[in-house]
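Engineer:
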Amino acid sequence: MKSFKKLLPFFLIITLLSLKGWFAGKIIYWAYLFSLSFLFAFLLTPAARWIALKRKIIDYPDKRKIHKSPIPRLGGGAVYLSFVLVILYNFHFSLQLKGVVLATSLIFALGLFDDIKELPAALKLGVQIFAVLLLIHYGVVLSFPYPGFWWGKILASLLTILWIVGITNAINFLDGLDGLVTGLGIIASLFFLVIALESGQIYLAYLSIVLAGTLAGFLGYNSHPAKIFLGDSGSTFIGFFLAAIAVMGGWAENNPLVALGTPILILSIPIFDMIYITISRIG
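Taking the working numbering, the leading residue of the sequence shown gets 63, the next gets one more, and so forth.
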């Protein structure tokens, strides 16, 4: 019976993969994407935990941390791999999606190296900015109302860098409690999903549901008491992707204020948390 329970997720994944053509174009396609993402993360997380324990990629307790015992910190590997596998198998790659996959892969790799051996802050910031420039090259950039002016594109690029790097680090800073960033990522993804569906942005809705499903599959291992942490590789990947989705979407027609305010409202918790932390440290 135990062996059957262990093998069941494998059988479900194989079944879903074989039924891709049947689900395509149907209204329940989102359920297929969510289920497949969930199952991949559910299966890959124990493997990531085992590798982390084997390779000593561990978050040890200290005075600044809440947990009392060493916890593996390679959960980001399971989240990233699950997400990418589902995207590669199910999506036709637009120019923007190519940029998102390349840039988020770079951010994940940066976070992974940081989890293994702490990297200098200046190096991390430089790589994050380069990743955003990669996004901009592939067309993921904030639209600016004055494109005719020579400085319009420059300002749009600078604001894109500020937004994506800011959100990436804000969500990373927030990753201090079991399941907090994972749960926040699910909620934010679902909000983007609903608004994307309402505004007819099906492509973005499907991308959002893949992240939500992946994080839902990981959440059981990351909830209190956590068996594995996201690590910087996971939290920065989540933050970077959510920030990129916010830039890719058109969140209101003919209303720049609503279009700007929607992603800020969805991601308000990490934004205000980062502002509070920054003011506290300055004070």
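For each residue, glycine too, the CB sits at the ideal point set by N, CA and C.
Quantities reported herein were computed from a predicted structural model and do not represent experimental measurements.
Are Ile198 and Thr222 closer than 8 Å when you measure CB to CB?
Structural biologist: Cβ atoms of Ile198 and Thr222: closer than 8 Å.
Engineer: Name, in chain order, the residues that DSSP records as bridge partners for Ile128.
Structural biologist: Partner(s): none; Ile128 has no beta bridge.
Engineer: What does a CB cutoff of less than 6 Å around Ala193 pick up in its chain, not counting 5 residues either side in sequence?
Structural biologist: Excluding sequence neighbours, Ala193 sits near Ala165, Leu168, Ile169.
Engineer: Leaving aside the five residues before and after Lys130 along the sequence, list all residues of the same chain whose C-beta is less than 7 Å from its C-beta, in chain order.
Structural biologist: Here the set comprises Pro123.
Engineer: Since I believe Pro134 is in contact with Ala114 (beta carbons under 8 Å), could you give me their beta-carbon distance rounded to a whole number of angstroms?
Structural biologist: The pair is a contact, with the Cβ atoms about 3 Å apart (cut-off 8 Å).
Engineer: Kindly list the residues whose CB is nearer than 6 Å to the CB of Glu180, restricted to its own chain and excluding five residues on each side of it in sequence; keep chain order.
Structural biologist: There are no such residues.
Engineer: Mapping the DSSP letters down to three states, classify Pro123 as helix, strand or coil.
Structural biologist: Coil, per DSSP.
Engineer: Taking 8 Å as the threshold, find out whether the stretch 250 to 268 comes into contact with the stretch 74 to 88 through three or more Cβ pairs.
Structural biologist: Because the criterion of three Cβ pairs below 8 Å is not met, the stretch 250 to 268 and the stretch 74 to 88 do not touch.
Engineer: At what residues does the alpha helix (DSSP H) containing Ser41 begin and finish?
Structural biologist: Nothing can be reported for residue 41: it is not among the residues displayed for the chain, which extend from 63 to 345.
Engineer: Look up Pro134 in the DSSP assignment and give the residues it is bridged to.
Structural biologist: According to DSSP, Pro134 bridges with Ile120.
Engineer: Please classify Gln263: does DSSP put it in a helix, a strand, or coil?
Structural biologist: Three-state DSSP puts Gln263 in coil, outside helix and strand.
Engineer: So, are the CB atoms of Phe280 and Ser270 less than 8 Å apart?
Structural biologist: No.
Engineer: Going by C-alpha distance, which of Ala306, Ala305, Pro325, Leu304 is nearest Trp313?
Structural biologist: Among Ala306, Ala305, Pro325, Leu304, the Cα nearest to that of Trp313 is on Pro325.
Engineer: Quick check on this structure: which residue in Val272, Val203, Val227 has the alpha carbon closest to the alpha carbon of Gly247?
Structural biologist: Per the Cα distances, Val272.
Engineer: Taking Asn234 as the reference, give the member of Leu70, Pro182, Met336 with the closest Cα.
Structural biologist: Nearest C-alpha to Asn234: Met336.
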